[in-house]
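Some notes on the structure that comes next.
What follows is the structure, encoded as structure tokens:
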């Protein structure tokens, strides 16, 4: 990247552009767009006001009573039949749930969510530092806005080199598109003396960036200790009482509504019953749900729930716009309709219907009168060395040996506990009369593997393979070892993703062409793929809330009780490896 581009990247508007914007306000130049007679939500006043809004390219430059004296080539839109609110912000996005950051941003913008604050985990683990930071800068050139987190830990036990080196952490945290540290899933390690993570938490505070916790079930004492260490927000409250506990201690509370925790209606009801009537320190999130969850909306869906549960429009919209921007110290750029802000605007038919009829993102029409406009259809992933998963090794049935005395049992979609394997594992096939299956995790480079049994996944999946996982390593599950190997080979042939095999025939697949984890399809395309694939799993006995989350979290050590990691089967509470992975 040349030095001449750097000021624009950091400051967004160069000195030349700032002078052009001043000229528009002075009447020396024409705006690109004028919204005439707009009724809009003004968060400085917490009122619906009427004004003319002038936009110069991607920035709001004037909001007031006057019309521009110069209108050469300016588009003038009569707004008397709509109300306008700021573009919505999803502050806790995991844009790697089969979809990719580009496809999710494009889809979300059509529902009015024009800013994403994204998890950096996938790019942090899979790409070198320079390539990853160049990638997030390229993504910020889209009509949508993307900011990022800086993770402190991998949320699993990794083998090999330290991925969280000092130089890598420093550059991520100091990057102008990184607005928070966390989410902090390894907080028990910090409390128990991990000074390495504590150092980066201190650096985050020095940079005046907030820290997102991950504190399910935390007591007042735990919340207080984490506040002392710098945590400022948490999204893990599951009851109104837990929200109240966080607010009382001084946290910002993010209210979650996701595919496996659709808690928002109950949280809002319980909060109001407990006497909470100030929502200025509350945010909302969908917490990176799988594609089909977003079929009926993104943040517009959550705002609708808030309105239906009795919140004032100023608060319902504020929790997805101004309150978010204020918390992240970016309200000088986002979250308000006022001079100086990026021109992210949603046009509504009514304050009671947050799904927009028209959407502006950086001054460009994403949706106009209900019609989605074409634009930013593709992204050059190959420029950042992101392509299909290349597997240059093979797997044979005779390598799979299941002598381990302990297996893993799914108690729900994401919780795993140990169980004593009661059946003989000498056979190459298992009965479909029970819900125990073979389970294999293999290094994506073919260096190590773990073979055990899993109970509670399904009773009739013959062969299943997935490269979609927290670390990109390969998971095989099934009743028939031959079909499991066939599923692996089909996965290899398609360059990553998921496959299901029965009687040596591939009956379902989702190609994930980017790193074996992300699809290049549109959100609508991957929604259809997901629904068909999940239906195949359900027909074969998968009974939990969400198989996509299950696959993602098999190795995630922030969840109880045991996990399957690169180093082996891991006891989360004791922080020890129970059974190590085996080199192939």
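Residue numbers (my numbering): 17 to 600.
Where a beta carbon is used, it is the ideal one built from N, C-alpha and C, also for glycine.
Contact check, residue i vs residue j, beta carbons under 8 Å
i           : j           : result
residue 132 : residue 166 : no
residue 159 : residue 356 : no
residue 145 : residue 187 : yes
residue 416 : residue 350 : no
residue 522 : residue 112 : no
residue 542 : residue 115 : yes
residue 72  : residue 98  : no
residue 40  : residue 354 : no
residue 577 : residue 433 : yes
residue 257 : residue 290 : yes
residue 565 : residue 456 : no
residue 490 : residue 504 : yes
residue 332 : residue 319 : yes
residue 245 : residue 582 : no
residue 526 : residue 545 : yes
residue 452 : residue 439 : yes
residue 214 : residue 247 : no
residue 54  : residue 88  : no
residue 389 : residue 381 : yes
residue 597 : residue 584 : yes
residue 310 : residue 249 : no
residue 454 : residue 469 : yes
residue 151 : residue 138 : no
Closest residue to residue i among the options (Cα-Cα distance)
i           : options            : result
residue 216 : 146, 257, 169      : 169
residue 135 : 227, 157, 49       : 227
residue 327 : 298, 37, 493       : 298
residue 316 : 53, 123, 544       : 123
residue 428 : 143, 561, 285      : 561
residue 360 : 157, 479, 128, 367 : 128
residue 239 : 213, 267, 286, 220 : 267
residue 387 : 69, 54, 126, 96    : 126
residue 589 : 574, 418, 581      : 574
residue 252 : 241, 233, 260, 314 : 233
residue 362 : 75, 104, 66        : 104
residue 609 : 96, 106, 33, 109   : Any answer about residue 609 is impossible in this case: the structure gives the chain only from 17 up to 600.
residue 379 : 90, 174, 180       : 90
residue 313 : 466, 274, 330, 137 : 274
residue 51  : 376, 593, 587, 579 : 376
residue 270 : 81, 260, 152, 301  : 301
residue 255 : 493, 279, 540      : 279
residue 281 : 324, 45, 580, 306  : 324
residue 109 : 384, 552, 535, 164 : 164
residue 262 : 35, 276, 242       : 242
residue 272 : 501, 259, 374      : 259
residue 307 : 373, 501, 69, 276  : 276
residue 27  : 374, 348, 44       : 348
residue 153 : 517, 558, 395      : 395
Buried or exposed (CB count within 10 angstroms, at least 16 for buried), residue i
i           : result
residue 118 : buried
residue 340 : buried
residue 556 : buried
residue 486 : buried
residue 182 : exposed
residue 171 : buried
residue 229 : buried
residue 303 : buried
residue 537 : buried
residue 17  : Note that residue 17 has pLDDT 38, beneath the 50 cutoff, so the model's placement of it is unreliable and no number is given.
residue 20  : Note that residue 20 has pLDDT 39, beneath the 50 cutoff, so the model's placement of it is unreliable and no number is given.
residue 37  : buried
residue 580 : buried
residue 83  : exposed
residue 22  : In this prediction, residue 22 scores a pLDDT of 41, lower than 50, which makes its location untrustworthy; the coordinate-derived value is nonetheless stated afterwards. Residue 22 is exposed by the Cβ-count criterion.
residue 94  : exposed
residue 563 : buried
residue 329 : buried
beta-carbon residue i near the ligand MN non-hydrogen atom, thresh 7 Å
i           : result
residue 569 : The model depicted lacks the ligand MN and carries no ligand whatsoever.
Considering only residues of the region 412 to 490, which uninterrupted beta strand (DSSP E) runs meet the minimum length of 3 residues and lie entirely inside it, listed in chain order?
-> Listed in chain order, they are 422 to 426, 432 to 436, 452 to 458, 464 to 471, 479 to 482.
Spell out a yes or no on whether the region 398 to 412 and the region 458 to 465 are touching, meaning 3 or more CB-CB pairs, one atom from each, closer than 8 Å.
-> Under the three-pair Cβ rule at 8 Å, the region 398 to 412 counts as touching the region 458 to 465.
Start-end ranges of the beta strand (DSSP E) lying completely within the region 540 to 590, minimum 3 residues = Runs found: 578 to 581, 584 to 587.
Would you say the region 509 to 525 touches the region 99 to 110, given that touching needs at least three Cβ pairs under 8 Å?
-> For the pair of segments examined, the region 509 to 525 was found not to touch the region 99 to 110: the number of CB pairs separated by less than 8 Å stays below three.
Are the region 471 to 480 and the region 444 to 452 touching by the rule of at least three beta carbon pairs closer than 8 Å?
-> Contact holds between the region 471 to 480 and the region 444 to 452, because three or more Cβ pairs, one in each stretch, are under 8 Å apart.
Would you call the region 368 to 379 and the region 58 to 66 touching, i.e. three or more CB-CB distances under 8 Å?
-> Segments in contact, no.
Within the region 71 to 153, ranges of the beta strand (DSSP E) (whole runs, at least 3 residues) | Within the region 71 to 153, the complete beta strand (DSSP E) segments at least 3 residues long are 75 to 80, 91 to 94, 99 to 102, 104 to 109, 129 to 134, listed from N- to C-terminus.
Kindly provide the ranges of any alpha helix (DSSP H) runs that are 4 or more residues long and lie completely inside the region 257 to 335, ordered along the chain.
-> Runs found: 280 to 289, 315 to 324, 329 to 334.
Contiguous alpha helix (DSSP H) assignments of at least 4 residues, all confined to the region 204 to 264 | Fully enclosed alpha helix (DSSP H) runs of 4 or longer: 211 to 222, 236 to 244.
What are the start and end residues of each continuous beta strand (DSSP E) run of 3 or more residues lying completely inside the region 490 to 514, in chain order?
-> Every beta strand (DSSP E) stretch that sits fully inside the region 490 to 514 and reaches 3 residues is listed by chain position as 490 to 494.
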